[in-house]
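Residue numbers (the UniProt record's numbering): 1 to 223.
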């Protein structure tokens with residue numbers, strides 16, 4: 001076999017650009033996605049756009065609209081329930097395993113992740129808050145020492161990033177999130193795997209319940 005160039009394919013570049021737009025809310029839930037318009041905006045042919053949309057459909061980020069192309073998948077209570085059921089299992093396991101990592105490493109890494117969160121809170125930027133939140137949990141995944149965790153949960157975390165943006169629009173504010181993050185980090189740092197796992201699971205359930213309650217309340221007001 002010939003060696004690879006190491007450069008991303010055009011399809012991968014289009015896919016990454018669309019993922020960022022979907023997860024940041026730049027392409028909001030329900031928005032129609034036209035291959036021709038996307039190709040023109042990204043200055044590429046239709047083929048890499050079509051291939052990228054197929055990958056996004058596989059991950060549940062877009063849904064087909066028949067012959068009219070695709071639209072951005074909705075962020076609704078059912079999606080939150082499904083995504084956070086899986087996230088609960090991943091996060092709990094990662095937190096328990098992370099508590100067994102080398103003490104100096106876990107303390108240093110989690111201190112940096114919490115500090116990033118405080119900077120994001122001060123910036124009052126949704127993008128910074130989501131990035132810091134994801135970075136905190138991915139730090140725990142890395143500390144778990146299980147290299148399969150990030151890969152196995154990759155599709156889930158694409159959805160989580162979209163849901164986090166919705167979470168920050170509920171009006172509840174990010175403060176409870178980072179208070180819970182600190183508690184998880186403290187348990188990991190002292191090596192209490194059982195407590196870390198319980199706190200991580202509770203954190204995920206709290207976020208899901210907050211979102212689902214808000215979505216149901218919003219639906220009632222629109223009837």
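C-beta: ideal position from N, C-alpha, C; glycine also.
Since this is a predicted model, take the numbers as computed values, not measurements.
Taking 8 angstroms as the limit between beta carbons, can you name the residues of its chain near residue i, skipping five residues before and five after?
i: residue 28; result: 72
i: residue 16; result: 8
i: residue 196; result: 95, 96, 98, 99, 184, 187 and 188
i: residue 70; result: 32, 33, 53, 56, 57, 62, 63 and 64
At what residues does the alpha helix (DSSP H) containing residue i begin and finish?
i: residue 44; result: Neither: residue 44 is in no alpha helix (DSSP H) and is coded neither H nor E.
i: residue 102; result: It is not in any alpha helix (DSSP H) - residue 102 carries neither H nor E in the DSSP assignment.
i: residue 19; result: 10-24
i: residue 150; result: 148-152
Compute the Euclidean distance between the alpha carbons of residue i and residue j, then round it to the nearest angstrom.
i: residue 10; j: residue 19; result: 14 angstroms
i: residue 117; j: residue 46; result: 39 angstroms
i: residue 239; j: residue 60; result: Not covered by the structure: residue 239. The range shown for the chain is 1 to 223.
i: residue 246; j: residue 52; result: Residue 246 lies beyond the stretch modelled for the chain, which goes from 1 to 223, so this question has no answer here.
i: residue 119; j: residue 144; result: 25 angstroms
i: residue 43; j: residue 22; result: 19 angstroms
i: residue 92; j: residue 158; result: 18 angstroms
i: residue 14; j: residue 57; result: 14 angstroms
i: residue 177; j: residue 194; result: 20 angstroms
i: residue 217; j: residue 74; result: 17 angstroms
i: residue 102; j: residue 121; result: 29 angstroms
Short of 7 angstroms in beta carbon distance, which residues of its chain neighbour residue i, apart from the five on each side in sequence? Order them along the chain.
i: residue 87; result: 156, 160 and 204
i: residue 113; result: 135, 136 and 139
i: residue 39; result: 45, 46 and 49
Bridge partners of residue i, per DSSP?
i: residue 33; result: 70
i: residue 130; result: Its beta-bridge partners do not exist; DSSP assigns none.
So residue i and residue j are in contact, right, with Cβ under 8 angstroms, and what is the actual spacing, rounded?
i: residue 140; j: residue 188; result: 7 angstroms
i: residue 126; j: residue 165; result: 6 angstroms
i: residue 94; j: residue 149; result: 6 angstroms
I need the boundaries of the beta strand (DSSP E) containing residue i, first residue and last residue.
i: residue 64; result: 62-64
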